[in-house]
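The end of the sequence shown is residue 214 by the numbering used here, with every number in the run present.
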Amino acid sequence: MDVGIINLLLLIGILHGQRRSATVMSGMLEGMKVVGLDLETTGFDSRSERIVEYALVGSDSDGSHIGLCSLVDPERRIPSDATRVHGITNGDVKGAGAFSEHADRISEIIDGAVVVGHNVIGFDWGFIRMEYLRAGLEAPRVHGFIDTLKLARKLRVPGRHRLGDLCDRYGIDLERAHRADADASASLIVLWKLMKEYPERFHFPLDDIIESLD
Numbered sequence: 001m002d003v004g005i006i007n008l009l010l011l012i013g014i015l016h017g018q019r020r021s022a023t024v025m026s027g028m029l030e031g032m033k034v035v036g037l038d039l040e041t042t043g044f045d046s047r048s049e050r051i052v053e054y055a056l057v058g059s060d061s062d063g064s065h066i067g068l069c070s071l072v073d074p075e076r077r078i079p080s081d082a083t084r085v086h087g088i089t090n091g092d093v094k095g096a097g098a099f100s101e102h103a104d105r106i107s108e109i110i111d112g113a114v115v116v117g118h119n120v121i122g123f124d125w126g127f128i129r130m131e132y133l134r135a136g137l138e139a140p141r142v143h144g145f146i147d148t149l150k151l152a153r154k155l156r157v158p159g160r161h162r163l164g165d166l167c168d169r170y171g172i173d174l175e176r177a178h179r180a181d182a183d184a185s186a187s188l189i190v191l192w193k194l195m196k197e198y199p200e201r202f203h204f205p206l207d208d209i210i211e212s213l214d
């Protein structure tokens with residue numbers, strides 16, 4: 001079975017079933033729309049590079065599953081260095097549609113959500129905002145961000161804090177690293193694992209935790 005699907009099935013169990021039995025998780029996120037976000041891009045600079053894949057996975061405020069993953073035509077060539085990282089080629093994105101064709105679906109999911117991701121504040125959200133700006137559209141209004149990279153550093157989790165390192169620490173299968181669906185679901189599972197390991201650090205209102213990571 002595809003590792004991304006395995007992680008997603010585990011994620012659904014966490015958000016729908018185990019969340020209700022985990023005091024910290026339910027107390028902090030119960031009744032919220034929680035969306036894991038990850039992007040793959042043509043490079044690192046949001047001002048000049050473009051999105052080639054996005055994934056949004058998680059749980060709506062009513063407990064229903066959220067899952068959307070799609071390739072995007074970046075309207076420019078994908079450098080070979082980027083393809084070596086995520087495996088997405090120019091042929092893969094042909095006919096996938098420019099970002100402007102995906103924007104409404106993305107907004108519908110992200111609006112009002114707690115957005116979770118690894119380096120989501122420093123990387124992913126900058127790309128999202130820039131793509132909306134290029135398209136002449138207003139970026140989604142989110143409830144806030146939980147950046148698992150910033151969170152791991154704040155909690156002083158032993159070892160390195162890359163997503164792959166945290167997945168190794170917590171036994172999360174991430175064979176398809178650097179594909180958006182696998183990384184988005186993994187970031188949510190990492191959040192759950194951090195909450196389980198450091199429960200005393202999460203007995204605060206959600207907005208206080210979000211503000212501390214801003």
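Even for Gly, the Cβ is constructed at its ideal location relative to N, Cα and C.
Is the beta carbon of I78 closer than 9 Å to that of F145?
Walking along the sequence shown from the start, residue 145 turns up at place 145. Walking along the sequence shown from the start, residue 78 turns up at place 78. Not a contact, by the Cβ cut-off of 9 Å.
Please determine, among S46, A113, V52 and A98, the residue with the shortest C-alpha to C-alpha distance to G36.
Here residue 36 refers to the residue found at position 36 when the sequence shown is read from its first residue. Measuring from the Cα of G36, the nearest candidate turns out to be A113.
Does the Cβ of T23 have 16 or more other Cβ atoms within 10 Å, making it buried, or fewer, making it exposed?
Locating residue 23 in the sequence shown gives position 23, counting from the first residue. Legend: pLDDT at T23 = 38, less than 50; position of this residue unreliable, value from coordinates given subsequently. By the 10 Å Cβ count, T23 comes out exposed.
Where H118 and R153 are concerned, what is the direct C-alpha to C-alpha distance, given to the nearest angstrom?
Numbered from 1 along the sequence shown, position 118 holds the residue referred to as residue 118. Numbered from 1 along the sequence shown, position 153 holds the residue referred to as residue 153. Taking the straight line joining both Cα atoms gives about 11 Å.
Just curious, the beta strand (DSSP E) that L213 is in, first and last residue?
Residue numbering aside, residue 213 sits at position 213 when the sequence shown is read from its first letter. Taken as a continuous stretch (DSSP letters only), L213 belongs to no beta strand (DSSP E), being part of the alpha helix (DSSP H) at L206 to L213.
Quick one: any contact between the stretch 98–110 and the stretch 127–147, if contact means 3 or more CB pairs under 8 Å?
A contact exists between the stretch 98–110 and the stretch 127–147.
To which residues of the same chain is L213 closer than 8 Å at the C-beta, ignoring the five residues directly before and after it?
For the purposes of this step, residue 213 is taken as residue 213 along the sequence shown, with counting starting at 1. Once the five neighbours on either side are set aside, the close Cβ partners of L213 are I121, F145, I146, D147, K150, L151 and K154.
Answer with buried or exposed for E40, where buried requires no fewer than 16 other C-beta atoms within 10 angstroms of its C-beta.
As a position in the sequence shown, residue 40 is number 40, starting the count at 1. So E40 counts as buried.
Nearest CA to the CA of D183: which residue from L29, V34, L56 and S48?
Position 183 of the sequence shown holds residue 183. Taking only the C-alpha atoms, the option nearest D183 is L56.
Going by DSSP, what residues sit across from I51 in a beta bridge?
Along the sequence shown, read from residue 1 onward, the residue named residue 51 stands at position 51. DSSP output for I51 lists T41 as bridge partner(s).
Quick check on D2: buried or exposed, where buried means 16 or more other Cβ atoms within 10 Å of its Cβ?
Numbered from 1 along the sequence shown, position 2 holds the residue referred to as residue 2. With a pLDDT of 41 at D2, under the threshold of 50, the modelled position of that residue is not reliable, and no figure is offered here.
Using a Cβ-Cβ cutoff of less than 8 Å, which residues in the same chain neighbour G31 once the five nearest sequence positions on both sides are dropped?
Within the sequence shown, the letter at position 31 stands for residue 31. Correct list, in chain order: S61.
Who are the near neighbours of L206 in its chain, counting only those whose CB is closer than 6 Å to its CB and skipping five residues on each side?
For the purposes of this step, residue 206 is identified with residue 206 of the sequence shown, where counting begins at 1. The answer, listed in chain order, is M28.
Counting along the chain, where does the beta strand (DSSP E) carrying K71 start and finish?
Within the sequence shown, residue 71 is the residue found at index 71, counting from 1. Note on residue identity: the sequence assigns Leu, not Lys, to residue 71. Here the beta strand (DSSP E) through L71 covers H65 to L71.
For L194 and S187, what's the separation of their Cα atoms in angstroms?
The sequence position of residue 194 within the sequence shown is 194, counting from 1. The sequence position of residue 187 within the sequence shown is 187, counting from 1. Those two C-alpha atoms are separated by around 10 Å.
For the stretch 75–121, list the beta strand (DSSP E) runs that are entirely contained and at least 3 residues long, ordered along the chain.
If we require 3 residues or more, the beta strand (DSSP E) runs fully inside the stretch 75–121 come out as 114–117.
Take G43 and list the residues in its own chain whose beta-carbon comes closer than 7 Å to its own, dropping the five residues that flank it on each side.
Position 43 of the sequence shown, counted from the start, is the residue given in the question as residue 43. Excluding residues within five positions, the ones whose Cβ falls inside 7 Å are E49, P79 and A82.
Kindly list the residues whose CB is nearer than 6 Å to the CB of S46, restricted to its own chain and excluding five residues on each side of it in sequence; keep chain order.
Start at 1 with the first residue of the sequence shown, and residue 46 comes out as number 46. Closer than 6 Å at Cβ, skipping near neighbours: G126, F127 and M130.
Comparing alpha-carbon positions, which option in A180, G91 and V142 lies nearest G220?
Because the chain is modelled from 1 through 214, residue 220 falls outside the range shown and cannot be assessed.
So D73 and V93 are supposed to be a Cβ contact under 8 Å. How far apart are they, rounded?
Your numbering for residue 73 matches position 73 in the sequence shown. Your numbering for residue 93 matches position 93 in the sequence shown. D73 to V93, Cβ: 5 Å. Contact.
With a floor of 4 residues, list each alpha helix (DSSP H) that falls wholly inside the stretch 155–180, ordered by position along the chain.
Qualifying alpha helix (DSSP H) stretches, in chain order: 163–170.
Kindly indicate which three-state DSSP category G136 falls into: helix, strand or coil?
In the sequence shown, residue 136 corresponds to position 136, counting from 1. The answer is coil: DSSP assigns G136 none of H, G, I, E or B.
Identify whether G126 lies in helix, strand or coil by the three-state DSSP scheme.
Start at 1 with the first residue of the sequence shown, and residue 126 comes out as number 126. Looking at G126 - three-state DSSP - the assignment turns out to be helix.
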